[in-house]
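What follows is a short report on a single structure.
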Amino acid sequence: MKKFFAPLLAVAILYTWGCNNAPTDKTTSQTTPATSEPAGAGQSGVKDDQSEKNVVQVAAGSKDHTTLVTAVQAAGLVDALSNAGPFTVFAPTNEAFGKLPAGTVDDLLKPEKKDALIDILQYHVSLGVYKPEALNDGQVLGQVNGGNVTISKKGDKIMVNGTANVLATIPASNGIIYVIDGVLTPKK
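See the structure below:
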């Protein structure tokens, strides 16, 4: 019996001694977070001045889209629109929002109107990238909210739903933005 336990005891002692004397280089096991953003911040929390801007960052950098950015923030859609996409976004200008009946924007920004705001904003977004040269007159695009928009195209002029003119096209890292002069309203 002693012959059996003696080697086993020796192995146990060597194992214990070996584990206690393992190198402890603490610098190799420490990690530094990539950003100081809180957990759960999503793509919108990534600070990167090197890469092309996503659709939210492009809009946030535009003096003509402050109302749109405020609405996207109020709806809680910043992270969704900051993700990989790809998206085609029809982005109404501040002037376009100003054409709505008085009080409409303020009303939509109320917390109790969040669902209606989300529906309207998602009606401005298609999944996929639809470049101007790929759009055709009469083409119907499915929107994120489940509705559809119809494209009118005459030469280089593009209109959405017969009411919103495309003023500019801006590429983004996760899609394309069409700056429009009207707010698209989903059919009920």
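What the sequence shown shows, in mature numbering (1 follows the signal peptide of the UniProt record, and there is no 0), is residues -21 to -1, 1 to 167, in sequence order. In this text, a Cβ means the ideal position worked out from N, Cα and C, and glycines have one as well.
Annotation for L100: the continuous alpha helix (DSSP H) segment containing it runs K93 to Q101.
Contact between A70 and I156 is confirmed by a C-beta separation of about 5 Å, below the 8 Å threshold. For G154, the enclosing beta strand (DSSP E) begins and ends at G154 to I159. A straight-line Cα-Cα distance of about 5 Å links A63 and N153. Taking 8 Å as the upper bound for CB-CB distance, L87 and I99 are in contact here, some 7 Å apart.
For S105, the enclosing beta strand (DSSP E) begins and ends at V104 to L106. Counting C-beta atoms within 10 angstroms of its own C-beta, T46 has 16 or more neighbours from the protein chains shown and is therefore classed as buried. With respect to S105, V123 sits close: the two C-beta atoms are nearer than 9 Å. The beta-carbon distance between A75 and I159, rounded to whole angstroms, is 6 Å. This is short enough to meet the 8 Å contact definition.
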